[in-house]
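Converting from the sequence shown to this note's numbering requires adding 1006 to each position, the first position being numbered 1. Presented below is the structure to which this report refers.
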Amino acid sequence: MGFGETIKRYLHNVRGDNDEGKTLYLMDYKRLKGILMNCWANNVAKTTNEPCHFCDERLMVELRRESWEVERCFRYRVKEVVRVHAAGGVERCIASMRRYFFNDRREIAKECRRLMQYAADNAALMHKIIHKYNQVHNCKGGSRNCESTFGAKSLNILQSPWLKELGALYINLNEDSNGGKFKDLFTPFSCDLNPADLLITLNLSKSLKLEYSITCPICLDIVFHPHALGCGHFFCKECACAAASVTIAQGFKAATQYSKCPTCRQEGVYADAEPMRELGLLVKKRNKKYWRERRAAEYEARLKQSAEANTDALFVLAL
(Lines of atoms letter the chains of each structure in order from A and count residues from 1; the text may use other names and numbers.)
(Lines give C-alpha, C1' and ligand atoms only; values in the text may rest on other atoms or scores of the structure.)
Protein backbone atom coordinates (compact mmCIF):
# COMPACT_ATOMS: atom_id res chain seq x y z
CA MET A 1 0.00 0.00 0.00
CA GLY A 2 1.37 3.46 -0.96
CA PHE A 3 2.06 6.32 1.45
CA GLY A 4 -1.01 8.29 0.30
CA GLU A 5 -3.41 5.37 0.78
CA THR A 6 -1.88 4.47 4.14
CA ILE A 7 -2.28 7.93 5.64
CA LYS A 8 -5.79 8.33 4.18
CA ARG A 9 -6.91 5.06 5.75
CA TYR A 10 -5.31 6.10 9.02
CA LEU A 11 -7.05 9.47 9.03
CA HIS A 12 -10.53 8.11 8.22
CA ASN A 13 -10.60 4.70 9.87
CA VAL A 14 -7.99 3.96 12.50
CA ARG A 15 -8.89 6.75 14.89
CA GLY A 16 -12.53 5.67 15.07
CA ASP A 17 -13.98 9.11 14.28
CA ASN A 18 -15.28 8.41 10.78
CA ASP A 19 -18.13 10.94 10.81
CA GLU A 20 -15.93 13.88 11.76
CA GLY A 21 -12.80 12.68 9.98
CA LYS A 22 -14.48 12.55 6.56
CA THR A 23 -15.22 16.27 6.74
CA LEU A 24 -11.50 17.03 7.02
CA TYR A 25 -9.89 17.71 3.66
CA LEU A 26 -6.71 15.68 3.18
CA MET A 27 -4.11 16.79 0.64
CA ASP A 28 -4.28 14.59 -2.47
CA TYR A 29 -0.77 13.17 -2.30
CA LYS A 30 -1.45 10.47 -4.89
CA ARG A 31 -2.45 12.97 -7.60
CA LEU A 32 0.46 15.33 -6.88
CA LYS A 33 2.86 12.39 -6.94
CA GLY A 34 1.43 11.41 -10.36
CA ILE A 35 2.33 14.86 -11.76
CA LEU A 36 5.87 14.49 -10.48
CA MET A 37 6.23 10.99 -11.89
CA ASN A 38 5.22 12.24 -15.35
CA CYS A 39 7.83 14.96 -15.02
CA TRP A 40 10.45 12.40 -13.97
CA ALA A 41 9.76 10.28 -17.06
CA ASN A 42 9.99 13.41 -19.23
CA ASN A 43 13.29 14.49 -17.65
CA VAL A 44 14.90 11.07 -18.05
CA ALA A 45 14.17 11.15 -21.79
CA LYS A 46 15.69 14.64 -22.18
CA THR A 47 19.07 15.27 -23.69
CA THR A 48 19.15 18.93 -22.60
CA ASN A 49 19.00 20.58 -19.19
CA GLU A 50 15.85 22.60 -19.94
CA PRO A 51 13.36 22.50 -17.06
CA CYS A 52 9.93 20.88 -17.39
CA HIS A 53 7.60 23.90 -17.58
CA PHE A 54 4.51 21.67 -17.72
CA CYS A 55 5.40 20.14 -14.35
CA ASP A 56 6.22 23.48 -12.72
CA GLU A 57 3.09 25.26 -13.93
CA ARG A 58 0.67 22.43 -13.21
CA LEU A 59 2.26 21.44 -9.91
CA MET A 60 2.32 25.04 -8.70
CA VAL A 61 -1.40 25.46 -9.38
CA GLU A 62 -2.34 22.12 -7.83
CA LEU A 63 -0.07 22.54 -4.81
CA ARG A 64 -1.49 25.96 -4.03
CA ARG A 65 -5.06 24.73 -4.51
CA GLU A 66 -4.52 21.75 -2.22
CA SER A 67 -2.81 23.89 0.41
CA TRP A 68 -5.63 26.44 0.25
CA GLU A 69 -8.25 23.71 0.77
CA VAL A 70 -6.35 22.30 3.74
CA GLU A 71 -5.90 25.76 5.29
CA ARG A 72 -9.57 26.66 4.70
CA CYS A 73 -10.78 23.44 6.32
CA PHE A 74 -8.36 23.75 9.24
CA ARG A 75 -9.20 27.42 9.84
CA TYR A 76 -12.94 26.74 9.84
CA ARG A 77 -12.70 23.84 12.29
CA VAL A 78 -10.36 25.68 14.68
CA LYS A 79 -12.61 28.75 14.66
CA GLU A 80 -15.62 26.53 15.35
CA VAL A 81 -14.08 24.77 18.34
CA VAL A 82 -12.79 28.10 19.71
CA ARG A 83 -16.24 29.63 19.29
CA VAL A 84 -17.85 26.78 21.24
CA HIS A 85 -15.21 26.96 23.99
CA ALA A 86 -15.73 30.70 24.44
CA ALA A 87 -19.48 30.70 23.82
CA GLY A 88 -22.14 31.89 26.23
CA GLY A 89 -25.16 29.92 27.41
CA VAL A 90 -27.46 30.40 24.40
CA GLU A 91 -24.71 29.81 21.86
CA ARG A 92 -23.62 26.65 23.70
CA CYS A 93 -27.18 25.33 23.46
CA ILE A 94 -27.28 26.06 19.72
CA ALA A 95 -23.93 24.31 19.24
CA SER A 96 -25.24 21.34 21.22
CA MET A 97 -28.39 21.14 19.08
CA ARG A 98 -26.26 21.15 15.94
CA ARG A 99 -24.39 18.18 17.50
CA TYR A 100 -20.94 19.65 17.00
CA PHE A 101 -19.39 18.96 20.38
CA PHE A 102 -22.40 18.15 22.61
CA ASN A 103 -21.55 21.12 24.84
CA ASP A 104 -18.88 19.14 26.70
CA ARG A 105 -15.32 20.22 27.46
CA ARG A 106 -14.08 16.68 26.97
CA GLU A 107 -15.54 16.66 23.45
CA ILE A 108 -13.84 20.00 22.76
CA ALA A 109 -10.55 18.49 23.93
CA LYS A 110 -11.07 15.52 21.59
CA GLU A 111 -11.71 17.84 18.67
CA CYS A 112 -8.60 19.83 19.57
CA ARG A 113 -6.53 16.63 19.50
CA ARG A 114 -8.10 15.58 16.19
CA LEU A 115 -7.11 18.89 14.62
CA MET A 116 -3.56 18.57 15.90
CA GLN A 117 -3.40 15.15 14.24
CA TYR A 118 -4.82 16.67 11.06
CA ALA A 119 -2.07 19.31 11.03
CA ALA A 120 0.60 16.66 11.60
CA ASP A 121 -0.81 14.44 8.80
CA ASN A 122 -0.86 17.20 6.21
CA ALA A 123 2.58 18.44 7.26
CA ALA A 124 3.87 14.90 6.62
CA LEU A 125 2.24 14.91 3.18
CA MET A 126 3.80 18.26 2.28
CA HIS A 127 7.19 16.99 3.42
CA LYS A 128 6.84 13.94 1.16
CA ILE A 129 5.86 16.10 -1.83
CA ILE A 130 8.84 18.43 -1.30
CA HIS A 131 11.18 15.46 -0.97
CA LYS A 132 9.77 13.87 -4.15
CA TYR A 133 10.07 17.14 -6.10
CA ASN A 134 13.70 17.55 -5.08
CA GLN A 135 14.42 13.94 -6.09
CA VAL A 136 12.83 14.39 -9.52
CA HIS A 137 14.57 17.67 -10.31
CA ASN A 138 18.04 16.52 -9.37
CA CYS A 139 18.15 14.61 -12.65
CA LYS A 140 18.74 15.93 -16.18
CA GLY A 141 15.98 18.52 -15.96
CA GLY A 142 18.18 20.67 -13.74
CA SER A 143 18.77 20.83 -9.99
CA ARG A 144 16.09 22.89 -8.24
CA ASN A 145 14.59 23.09 -4.77
CA CYS A 146 10.84 22.94 -4.18
CA GLU A 147 10.79 25.49 -1.35
CA SER A 148 12.65 28.10 -3.42
CA THR A 149 10.63 27.37 -6.58
CA PHE A 150 7.11 27.47 -5.13
CA GLY A 151 7.63 28.96 -1.69
CA ALA A 152 6.44 25.59 -0.38
CA LYS A 153 7.42 26.48 3.18
CA SER A 154 4.77 29.21 3.24
CA LEU A 155 2.15 26.70 2.03
CA ASN A 156 2.79 24.35 4.95
CA ILE A 157 -0.02 24.13 7.50
CA LEU A 158 2.60 24.38 10.26
CA GLN A 159 2.91 28.09 9.36
CA SER A 160 -0.81 28.71 9.92
CA PRO A 161 -1.69 31.16 12.73
CA TRP A 162 -4.60 28.86 13.57
CA LEU A 163 -2.17 26.19 14.72
CA LYS A 164 -0.90 28.74 17.26
CA GLU A 165 -4.52 29.39 18.24
CA LEU A 166 -5.04 25.64 18.66
CA GLY A 167 -1.98 25.45 20.91
CA ALA A 168 -3.35 28.28 23.05
CA LEU A 169 -6.69 26.44 23.28
CA TYR A 170 -4.84 23.31 24.44
CA ILE A 171 -3.17 25.25 27.28
CA ASN A 172 -6.39 27.03 28.27
CA LEU A 173 -8.33 23.77 28.38
CA ASN A 174 -5.82 22.15 30.71
CA GLU A 175 -5.67 25.20 32.96
CA ASP A 176 -9.48 25.31 33.16
CA SER A 177 -9.57 21.62 34.14
CA ASN A 178 -7.69 22.29 37.43
CA GLY A 179 -4.98 19.68 37.13
CA GLY A 180 -4.79 18.97 33.44
CA LYS A 181 -7.28 16.09 33.35
CA PHE A 182 -7.45 16.37 29.53
CA LYS A 183 -3.74 15.74 28.96
CA ASP A 184 -4.39 12.03 28.34
CA LEU A 185 -6.53 12.97 25.32
CA PHE A 186 -3.66 14.82 23.65
CA THR A 187 -1.04 12.05 23.73
CA PRO A 188 1.42 12.17 21.94
CA PHE A 189 0.85 15.92 21.59
CA SER A 190 1.85 18.55 24.13
CA CYS A 191 1.94 22.33 24.30
CA ASP A 192 3.17 24.91 26.78
CA LEU A 193 3.96 28.61 27.06
CA ASN A 194 7.46 29.70 28.03
CA PRO A 195 7.00 33.15 29.64
CA ALA A 196 10.75 33.86 29.73
CA ASP A 197 11.25 33.46 25.96
CA LEU A 198 7.66 34.43 25.01
CA LEU A 199 7.29 31.21 23.02
CA ILE A 200 4.51 28.66 22.60
CA THR A 201 6.13 25.24 22.28
CA LEU A 202 4.05 22.66 20.43
CA ASN A 203 5.13 19.02 20.13
CA LEU A 204 3.26 17.28 17.30
CA SER A 205 5.48 14.19 17.38
CA LYS A 206 8.78 12.95 18.81
CA SER A 207 10.63 14.50 15.87
CA LEU A 208 8.45 17.58 15.27
CA LYS A 209 8.83 20.32 17.87
CA LEU A 210 7.56 23.77 16.92
CA GLU A 211 8.20 27.10 18.63
CA TYR A 212 5.99 30.12 17.95
CA SER A 213 6.72 33.61 19.21
CA ILE A 214 3.83 35.51 20.81
CA THR A 215 5.47 38.91 20.37
CA CYS A 216 4.04 41.51 18.00
CA PRO A 217 6.49 42.31 15.14
CA ILE A 218 5.53 45.99 15.33
CA CYS A 219 5.67 46.92 19.03
CA LEU A 220 8.01 43.99 19.86
CA ASP A 221 5.99 43.24 23.00
CA ILE A 222 3.55 40.46 23.92
CA VAL A 223 0.57 40.59 21.58
CA PHE A 224 -2.51 42.29 22.98
CA HIS A 225 -5.89 41.53 21.37
CA PRO A 226 -4.07 39.55 18.64
CA HIS A 227 -5.55 39.47 15.13
CA ALA A 228 -4.41 37.30 12.24
CA LEU A 229 -4.38 38.94 8.80
CA GLY A 230 -5.30 37.14 5.60
CA CYS A 231 -1.63 36.39 4.89
CA GLY A 232 -1.22 34.53 8.18
CA HIS A 233 0.83 37.07 10.16
CA PHE A 234 -0.62 38.30 13.43
CA PHE A 235 -0.25 41.54 15.40
CA CYS A 236 -1.80 43.52 18.24
CA LYS A 237 -5.05 45.03 17.03
CA GLU A 238 -3.86 48.55 17.84
CA CYS A 239 -0.55 48.03 15.99
CA ALA A 240 -2.21 46.52 12.92
CA CYS A 241 -4.77 49.34 12.77
CA ALA A 242 -1.98 51.91 12.90
CA ALA A 243 -0.15 50.10 10.08
CA ALA A 244 -3.33 50.19 7.98
CA SER A 245 -3.89 53.90 8.79
CA VAL A 246 -7.29 53.30 10.44
CA THR A 247 -8.46 53.98 13.99
CA ILE A 248 -9.14 51.21 16.48
CA ALA A 249 -12.83 52.13 16.48
CA GLN A 250 -13.03 51.90 12.67
CA GLY A 251 -11.42 48.47 12.65
CA PHE A 252 -9.89 46.52 9.78
CA LYS A 253 -12.95 46.80 7.54
CA ALA A 254 -12.06 50.46 7.00
CA ALA A 255 -8.63 49.56 5.60
CA THR A 256 -8.19 49.97 1.85
CA GLN A 257 -7.42 47.07 -0.47
CA TYR A 258 -3.95 48.56 -0.97
CA SER A 259 -3.03 48.40 2.72
CA LYS A 260 -0.07 46.05 3.13
CA CYS A 261 0.93 43.57 5.80
CA PRO A 262 3.83 45.11 7.79
CA THR A 263 5.75 41.81 7.59
CA CYS A 264 5.28 40.36 4.09
CA ARG A 265 4.00 43.53 2.32
CA GLN A 266 1.07 41.65 0.77
CA GLU A 267 -1.91 43.84 -0.15
CA GLY A 268 -5.59 43.32 0.68
CA VAL A 269 -5.02 41.20 3.79
CA TYR A 270 -6.94 43.32 6.29
CA ALA A 271 -10.39 42.43 4.97
CA ASP A 272 -9.85 38.84 6.18
CA ALA A 273 -8.41 39.79 9.58
CA GLU A 274 -9.82 37.73 12.46
CA PRO A 275 -9.27 37.78 16.24
CA MET A 276 -7.22 35.05 17.92
CA ARG A 277 -9.38 34.72 21.02
CA GLU A 278 -7.63 31.80 22.72
CA LEU A 279 -4.20 33.39 22.35
CA GLY A 280 -5.58 36.63 23.75
CA LEU A 281 -7.15 34.74 26.66
CA LEU A 282 -3.86 32.94 27.34
CA VAL A 283 -1.98 36.26 27.50
CA LYS A 284 -4.62 37.66 29.84
CA LYS A 285 -4.35 34.67 32.21
CA ARG A 286 -0.55 34.47 32.29
CA ASN A 287 0.23 38.23 32.32
CA LYS A 288 -2.60 39.94 34.19
CA LYS A 289 -0.64 43.05 35.13
CA TYR A 290 0.64 43.52 31.56
CA TRP A 291 -2.85 42.93 30.17
CA ARG A 292 -4.37 45.61 32.43
CA GLU A 293 -1.65 48.10 31.44
CA ARG A 294 -2.18 47.45 27.72
CA ARG A 295 -5.94 47.73 28.10
CA ALA A 296 -5.57 51.11 29.78
CA ALA A 297 -3.15 52.27 27.06
CA GLU A 298 -5.52 51.14 24.31
CA TYR A 299 -8.40 52.97 25.97
CA GLU A 300 -6.35 56.18 26.04
CA ALA A 301 -5.43 55.66 22.37
CA ARG A 302 -9.12 55.29 21.49
CA LEU A 303 -9.98 58.54 23.31
CA LYS A 304 -7.14 60.38 21.57
CA GLN A 305 -8.17 59.10 18.13
CA SER A 306 -11.80 60.00 18.80
CA ALA A 307 -10.84 63.54 19.88
CA GLU A 308 -8.69 63.99 16.77
CA ALA A 309 -11.51 62.74 14.55
CA ASN A 310 -13.97 65.20 16.17
CA THR A 311 -11.48 68.05 15.75
CA ASP A 312 -11.05 67.22 12.04
CA ALA A 313 -14.84 67.08 11.60
CA LEU A 314 -15.30 70.50 13.22
CA PHE A 315 -12.53 71.94 11.03
CA VAL A 316 -14.25 70.64 7.88
CA LEU A 317 -17.58 72.11 8.99
CA ALA A 318 -15.92 75.46 9.69
CA LEU A 319 -14.63 75.54 6.11
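Cβ atoms here follow ideal geometry from the backbone N, Cα and C, with glycine treated the same way.
Exercise. Relative to the C-alpha of residue 1289, which residue among 1165, 1210, 1178 and 1256 is closest?
Worked result: 1178
Exercise. Candidates 1115, 1166, 1112 and 1118: which alpha carbon is nearest residue 1129's?
Worked result: Measuring from the Cα of residue 1129, the nearest candidate turns out to be 1166.
For this session: Rounded to whole angstroms, what's the CA-CA distance from residue 1272 to residue 1221? Just pull it up for me.
Result: 20 Å
For this session: Using the Cα positions of residue 1045 and residue 1127, report the straight-line distance between them to the nearest angstrom.
Result: 25 Å
Exercise. Out of 1255, 1270 and 1261, which has the shortest C-alpha to C-alpha gap to residue 1310?
Worked result: 1255
Problem set entry | Neighbourhood of residue 1246 by C-beta distance below 8 Å, restricted to the same chain and skipping five residues each side | 1224, 1233, 1235, 1258, 1268, 1276 and 1279
Exercise. Under 9 Å, do residue 1076 and residue 1117 count as touching if we go by C-beta distance?
Worked result: no
For this session: Could you tell me whether any Cβ in chain D is nearer than 9 Å to the Cβ of residue 1300?
Result: Absent from the structure is chain D; it holds one protein chain and no more.
Problem set entry | Cut-off 6 Å between Cβ atoms - residues of its own chain near residue 1213, not counting five sequence neighbours on either side | none
For this session: Determine the extent of the alpha helix (DSSP H) in which residue 1128 is found, giving its start and end residues.
Result: Where residue 1128 is concerned, the enclosing alpha helix (DSSP H) starts and stops at 1111-1142.
Exercise. How should residue 1123 be labelled, buried or exposed, when 16 other C-beta atoms within 10 angstroms of its C-beta is the threshold for buried?
Worked result: buried
For this session: Give, in chain order, every unbroken run of the alpha helix (DSSP H) that is at least 4 residues long and sits entirely within the stretch 1201-1274.
Result: 1243-1249
For this session: Could you have a look at residue 1194 and say whether DSSP puts it in helix, strand or coil?
Result: Note: residue 1194 maps to coil in three-state DSSP.
Problem set entry | Within 9 Å, strictly: CB atoms of residue 1242 and residue 1292 | no
Problem set entry | Residues that DSSP places opposite residue 1199 in a beta bridge | 1206
For this session: Compute the Euclidean distance between the alpha carbons of residue 1083 and residue 1064, then round it to the nearest angstrom.
Result: 29 Å
Problem set entry | Backbone CA spacing between residue 1306 and residue 1252 [nearest angstrom] | 16 Å
For this session: Have a look at the DSSP bridge pairing and note the partners of residue 1281.
Result: 1233
Exercise. Roughly how many whole angstroms lie between the Cα atoms of residue 1260 and residue 1274?
Worked result: 12 Å
For this session: Could you tell me the distance, in whole angstroms, from the CA atom of residue 1263 to the CA atom of residue 1250?
Result: 10 Å
Exercise. According to DSSP, is residue 1073 helix, strand or coil?
Worked result: For residue 1073, the secondary structure class from DSSP, reduced to helix, strand or coil, is helix.
For this session: Could you tell me how far apart the beta carbons of residue 1284 and residue 1171 are, in whole angstroms, since I believe they sit closer than 8 Å?
Result: About 5 Å separates the Cβ atoms of residue 1284 and residue 1171, confirming a contact at the 8 Å cut-off.
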